[in-house]
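Report on the structure given below.
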Amino acid sequence: MQQLSELYFVSSNTHKFEEVQRVLSNLGINITLFKTTLEEIQSDSLSKIAARKVIDAYSQVQKPVIIEDDGLFIDPLGGFPGPYSSYVYDTIGNKGIMRLLENIEFRDAKFVAIIAYFNGCLLYTSDAADDTPCVDLG
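Number 151 marks the last residue of the sequence shown (my numbering); no jumps.
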């Protein structure tokens, strides 16, 4: 198996990098932060968003890169805010989400994270979601 000599995590979020670095260091993988803001397309698909972001990241670094994208999917709201979580947080915030959930008894939700890798040839996205609710917003 080919060994990665250089791998970059591309993000403007240092906390995401620290989390990824902790996980990958336990696997013996060294990673470097390339701090930048990436193009984020508007899409209902986290996988499509992640694929576009990782290609944008590679165009800036020209080395193998990974990115992470995520969203909160609230079942009784039809998966809203999903891939629009950051925008919703910035506009209506947690209080706005809770107002949308007024009079809703079951508030199951799940956090979905996608990791994407691109080395200039191979594009890989991984949907880390499962169907088990992991958050109750009650």
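Ideal Cβ positions, reconstructed from N, Cα and C, are used throughout, including at glycine.
- Here the stretch 129 to 140 makes contact with the stretch 60 to 71; the two share three or more CB pairs at distances below 8 Å.
- Pairing E81 with T50, the inter-Cα distance amounts to about 13 Å.
- In this structure, the alpha-carbon of I117 lies about 20 Å from that of Y102.
- Contact between the stretch 79 to 94 and the stretch 107 to 126 is present, with at least three C-beta pairs closer than 8 Å.
- About 6 Å separates the beta carbons of S56 and P96, which is inside the 8 Å limit, making them a contact pair.
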